[in-house]
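Peer 1:
Residue numbers (our numbering): 265 to 453.
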């Protein structure tokens with residue numbers, strides 16, 4: 265019963281996100297200004313005194329190749345990761361990345377990721393971006409989609425180039441380059 269409820273919840277959640285993705289992609293095509301570029305590092309910590317990621321559903325599948333046996337098909341993780349200007353935790357904090365990811369491939373160590381990037385410093389303080397996409401951690405660079413935002417990023421579209429800067433055990437530092445388009449109509453609303 266529990267696994268059916270979990271499956272139904274995840275199917276409903278994924279269908280809703282797909283609708284949002286398609287609706288935001290169609291809105292404002294061809295009317296955006298040049299993209300705004302944001303660069304920051306995301307600290308994803310499974311271990312240590314204050315983990316920022318928590319496994320909430322254990323996948324039942326086989327261990328994924330390239331994951332060191334630590335990830336299985338169906339694993340679902342919730343995150344509240346620190347975003348910084350530089351690659352170290354001592355760097356200036358610029359926000360948080362809050363969301364979840366699900367290992368959604370039975371072969372590659374690839375996840376479906378959905379997160380809100382909450383910005384807490386600089387000219388975008390109080391604004392957010394919503395990011396969704398496939399994150400194959402075996403690839404040197406991944407591209408995820410910006411499907412929306414709030415504040416100065418209201419109705420944003422764009423993409424995030426995602427690289428693993430460092431990986432120690434189950435903890436990773438990710439380098440993110442976001443290229444964000446906002447239509448003039450949405451920015452002035």
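Quick reminder that beta carbons are idealized off the backbone N, C-alpha and C, glycines included.
Cβ atoms of residue 297 and residue 447: under 9 Å apart, would you say?
Peer 2: Using a Cβ distance threshold of 9 Å, residue 447 and residue 297 count as a contacting pair.
Peer 1: Take residue 351 and list the residues in its own chain whose beta-carbon comes closer than 8 Å to its own, dropping the five residues that flank it on each side.
Peer 2: So the list reads 305, 429, 430, 437, 439, once near-sequence residues are dropped.
Peer 1: Once the 5 residues before and after residue 375 are set aside, which same chain residues still bring their CB inside 7 Å of it?
Peer 2: 365, 366, 367, 368, 399
Peer 1: To the nearest angstrom, how far is it from the Cα of residue 394 to the Cα of residue 371?
Peer 2: 27 Å
Peer 1: When the distance is taken between beta carbons, is residue 379 closer than 9 Å to residue 359?
Peer 2: no
Peer 1: Tell me the start and end of each unbroken beta strand (DSSP E) in the region 390 to 417 that is at least 3 residues and wholly inside, in chain order.
Peer 2: 392 to 400, 406 to 414
Peer 1: Under the three-state reduction of DSSP, which class applies to residue 422: helix, strand or coil?
Peer 2: strand
Peer 1: Using DSSP with H/G/I as helix, E/B as strand and the rest coil, what is residue 373?
Peer 2: coil
Peer 1: Assuming the contact rule is C-beta atoms closer than 8 Å, residue 422 and residue 299 should be a hit. Round their C-beta distance to whole Å, please.
Peer 2: 6 Å
Peer 1: Out of 342, 353, 389, state which residue places its alpha-carbon closest to the alpha-carbon of residue 415.
Peer 2: 389
Peer 1: Got a sec? Which residues, its chain only, sit under 8 Å from residue 339 by beta carbon, not counting five neighbours each side?
Peer 2: Closer than 8 Å at Cβ, skipping near neighbours: 319, 321, 322, 323, 366, 367.
Peer 1: Which term fits residue 449, buried or exposed, when burial requires 16 or more other beta carbons within 10 angstroms of its beta carbon?
Peer 2: Only exposed fits residue 449, as fewer than 16 other CB atoms lie within 10 angstroms of its CB.
Peer 1: Residue 397 and residue 382: beta carbons closer than 9 Å?
Peer 2: no
Peer 1: By a C-beta neighbour count over all protein chains shown, 10 Å radius and 16 as the cutoff for buried, is residue 412 buried or exposed?
Peer 2: buried
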